[in-house]
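**Q** Following this message is one structure expressed as structure tokens.
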């Protein structure tokens, strides 16, 4: 099983909390396609290809908060994660302390983590299916 680095509860890297949704174009939505207010800041089209031939795109989302910083600009919050493309699940986390570079690095770590977890799950599923087949066809 993939080992997680020391991180807050419900977090894979150093994010504040987990975030899931669905990528719809350049925005993140919930199950009912309600816009969650996050916009794609960057999406790395060079992707991670898992052992199961699934493509994982790293995604950094940005949300402008309603509070202003000392510089008179609205504060921004980043979310970093991974998706398999438009209309697909986004798995990631948010942090108020990340800058853009840190968010992109977190997205890479999350992509690596989920590619490994999904590969391990696929191996486990294959083994269970093999055992079921043998049980059905033995005897």
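Numbering (the working numbering), first residue to last: 1 to 139.
Glycine residues also receive a C-beta, built at the ideal position from the N, C-alpha and C atoms.
Let's see if you can read the secondary structure: which residues bound the beta strand (DSSP E) around residue 124?
**A** It is not in any beta strand (DSSP E) - residue 124 instead sits in the alpha helix (DSSP H) that spans 100-137.
**Q** Which of the three DSSP states, helix, strand or coil, is assigned to residue 70?
**A** DSSP places residue 70 in coil when its eight states are reduced to three.
**Q** Which word fits residue 95, buried or exposed, when buried means at least 16 other C-beta atoms lie within 10 angstroms of its C-beta?
**A** It counts as buried.
**Q** In this structure, how does DSSP classify residue 96 when only helix, strand and coil are distinguished?
**A** Correct three-state label for residue 96: coil.
**Q** Under three-state DSSP, which class holds residue 34?
**A** Correct three-state label for residue 34: coil.
**Q** Decide if residue 93 is buried, meaning its Cβ has at least 16 other Cβ atoms within 10 Å, or exposed.
**A** Its Cβ being crowded by 16 or more others within 10 Å, residue 93 is buried.
**Q** Just to confirm my understanding: we take residue 110, look at its own chain, exclude 5 residues before and 5 after, and list those with CB closer than 8 Å. What are they?
**A** 12, 13, 58, 80, 81, 82, 91, 92 and 93, listed in sequence order.
**Q** Would you kindly work out how many angstroms separate the C-alpha atoms of residue 61 and residue 55, rounded to a whole number?
**A** Approximately 19 Å, taken between the alpha carbons.
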